[in-house]
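Its first residue numbered 1, the sequence shown is counted upward by one per residue in our numbering.
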Amino acid sequence: MRAARAALDHARSHAEWHQAALDHDELTGAAAWRQDDESPHYDADALRDSLTAMADLRRQGDGHGLIQRLTEDLYRNLGDLGAPELFDTALGGTKDLVEAYLDEAERSLFWLADTPLDGVSVAEKRTRFRTARKVFGRSALLLSGGATWGFHHLGVVKALFEAGLLPHVLSGASTGAMVAAGVCARDNAELAEMFADTDQIRLDGLVPRGLGRALEAGSWLDPEKLYEVLRHNVGDVTFAEAFGHSGRALNISVSPTRKSQKPRLLCWLTAPNLLVARAALASSALPLLFPPVELVARAHDGRVVPYIPGERWVDGSLHGDLPKLRLSRLHNVNHFIVSQTNPHVLPFVAHRGRRGVRPTLAGLTSTTLRTQGVWAAELARKAAGGGAVGQLADHAHALVSQDYRGDIDIHPRFDPRLLAKVMSNPTRDDLAKFIREGARSVWPQLARIHAQTRISRGFQSCLDRLGPV
1 MRAARAALDH ARSHAEWHQA ALDHDELTGA AAWRQDDESP HYDADALRDS LTAMADLRRQ
61 GDGHGLIQRL TEDLYRNLGD LGAPELFDTA LGGTKDLVEA YLDEAERSLF WLADTPLDGV
121 SVAEKRTRFR TARKVFGRSA LLLSGGATWG FHHLGVVKAL FEAGLLPHVL SGASTGAMVA
181 AGVCARDNAE LAEMFADTDQ IRLDGLVPRG LGRALEAGSW LDPEKLYEVL RHNVGDVTFA
241 EAFGHSGRAL NISVSPTRKS QKPRLLCWLT APNLLVARAA LASSALPLLF PPVELVARAH
301 DGRVVPYIPG ERWVDGSLHG DLPKLRLSRL HNVNHFIVSQ TNPHVLPFVA HRGRRGVRPT
361 LAGLTSTTLR TQGVWAAELA RKAAGGGAVG QLADHAHALV SQDYRGDIDI HPRFDPRLLA
421 KVMSNPTRDD LAKFIREGAR SVWPQLARIH AQTRISRGFQ SCLDRLGPV
């Protein structure tokens, strides 16, 4: 058993890790669990019947019957198949019956897209699949803040991209906004090239002003240097241009500096002409480290002009680290994959999804501390009143009261030694370690991500097969 665990810990790729996971499952009996159809989390007989019925209808060429069957079965069965317990027993995957059912559902969807049906034109098929995708919902990848630790997100994106599981909707706050911007500004070929040659990523964005200038400006770091680096890494694209180029919907959270203003989620729908690099700069403007940022947009004549003149914005993590509600409204997202790297959050989420006495005690402790933190921050906010102190108290309350959980949570191993690097530029060796550790944090979750996003990805694949309108 020790050798099996060592093989998991020392795997250098997902293929190596997955083979080690299968070997580990054989030793622990989890492989036998996968082969046993029965489970308290779903009706095995009903699932087998559905699987058989779909396969029979497809082989018989009964497209209309298959449409009816899929419509009934997917909504009846998939809620059961999303139970977390189906994915935390075996490292190599979930029940064989669950995977067989999803295999057949996907095959059936592709068959419907590819096979001519009596009385159903290609245009009508496209409309039906588009409606089904909207009703079913979609997944998003949310990249948290985390200062330098946020470079772990690059490894998360790399692992999902290489597995063909990177969602089309990405959201980022603070460092997560920088990473999401760089990803969404690149098409698939450019993204693969970036991961093959990470030297093209500039890492020198954090530059102190010097004590005198810092005291005069009220912020320690030079925002123009970071903006220069962001423009290199992202380009001078707008949100609409990034979406048109990559097909990925970028969303960046920014927080207001005025109490009467609301946090914003910037994307190609809400701010199509806004410059992405400037939005990423604003989302990273942590008070005292960077000054508030004025957003800018490209006008119809090509000039760069202020976006909402007079308003300035700060770090998106303060009020919208994981803007799930706004993503749901804007992009029909109902499944959230969260990559969490905030130093103030990681110690309280590392236990989530694990079993045993220690994770249970850690969960109780973190819940208690969070409750007390929200209460203390609320008292401080009431006592502070207005002004700069009141604004800081508002930010503190927003930080501790946010929900930092998703449907699937990914986070690197919490290493207190990394606290020394949380506000410094990473070296090339640091970046390689961040990417490697970020990818490793995804590997145990890939089977669950693959299963829980299978049908929504299937609908999109069918639309791609059917071609543009």
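Ideal placement from N, C-alpha and C gives every residue a C-beta, glycine not left out.
Counting every other CB atom within 10 Å of its CB across the protein chains shown gives residue 54 a total of 16 or more, marking it as buried. Burial of residue 324 is indicated by the presence of at least 16 other C-beta atoms within 10 angstroms of its C-beta. When 16, 292, 153, 48 are compared, the shortest CA-CA separation from residue 217 is found for 292.
By DSSP's assignment, residue 172 forms a beta bridge with 143, 252. The beta carbon of residue 83 is closer than 7 Å to those of 41 in its chain, skipping five residues each way along the sequence. Rounded to the nearest angstrom, the Cβ distance from residue 145 to residue 317 is 3 Å, consistent with a contact under 8 Å. In this structure residue 424 is exposed. Its beta-carbon is surrounded by fewer than 16 other beta-carbon atoms within 10 angstroms. Taking 7 Å as the cut-off, the beta carbon of residue 336 is found no closer than this to the beta carbon of residue 86.
Distance between residue 173 and residue 62, taken at the CA atoms: about 48 Å. Residue ranges of uninterrupted alpha helix (DSSP H) with 4 or more members, entirely inside the segment 207–234 and ordered along the chain, are 211–217, 223–234. The beta carbon of residue 242 lies closer than 6 Å to those of 184, 185, 250, 276 in the same chain, with the five residues before and after it left out. Residue burial is scored here from C-beta neighbours: residue 262 has fewer than 16 other C-beta atoms within 10 angstroms and is therefore classed as exposed. Looking at the backbone, the Cα of residue 329 and that of residue 138 are separated by about 12 Å. The criterion of a C-beta distance shorter than 7 Å is not satisfied by residue 210 and residue 229. By the criterion of a C-beta distance shorter than 8 Å, residue 437 is surrounded in its chain by 152, 155, 412, 413, once the five residues flanking it on both sides are discounted. Taking residue 1 as the centre and dropping the five residues before and after it, the same chain places the C-beta of 27 closer than 7 Å to its C-beta, in chain order.
With a contact defined as Cβ atoms closer than 8 Å, residue 255 and residue 313 qualify at about 6 Å. Using a Cβ-Cβ distance cut-off of 8 Å, the segment 449–460 and the segment 163–181 are in contact, since at least three pairs of beta carbons, one from each stretch, lie closer than that value. The C-alpha of residue 331 lies about 20 Å from the C-alpha of residue 178. The beta-carbon separation of residue 58 and residue 96, rounded to 20 Å, does not stay under the 8 Å limit for a contact. In the DSSP assignment, residue 276 falls within the alpha helix (DSSP H) that extends over 276–283. In terms of Cβ geometry, residue 442 and residue 159 form a close pair [threshold 7 Å].
C-alpha of residue 334 to C-alpha of residue 136: approximately 8 Å in a straight line.
For a cut-off of 8 Å, the C-beta gap from residue 129 to residue 346 is around 40 Å, too long to register as a contact. Per DSSP, residue 335 is one residue of the beta strand (DSSP E) stretching across 333–339. Secondary structure in the segment 86–174: the beta strand (DSSP E) runs of 3 residues or longer, each lying completely within the stretch, are 138–143, 169–172 in chain order. Inclusion of residue 132 and residue 459 in the CB contact set at 7 Å is warranted, their separation being smaller than that value.
Bridge pairing for residue 409: 338 [DSSP]. In the DSSP assignment, residue 297 forms a beta bridge with 274, 305.
By DSSP's assignment, residue 266 forms a beta bridge with 252.
Under DSSP, the beta-bridge partners assigned to residue 313 are 256, 293. Membership of residue 68 in the alpha helix (DSSP H) is indicated by the continuous run 63–81. In this structure residue 463 is not in contact with residue 248, their Cβ atoms being roughly 16 Å apart against a cut-off of 8 Å.
The three-state secondary structure of residue 453, taken from DSSP, is coil.
DSSP, read as helix, strand or coil, puts residue 427 in coil.
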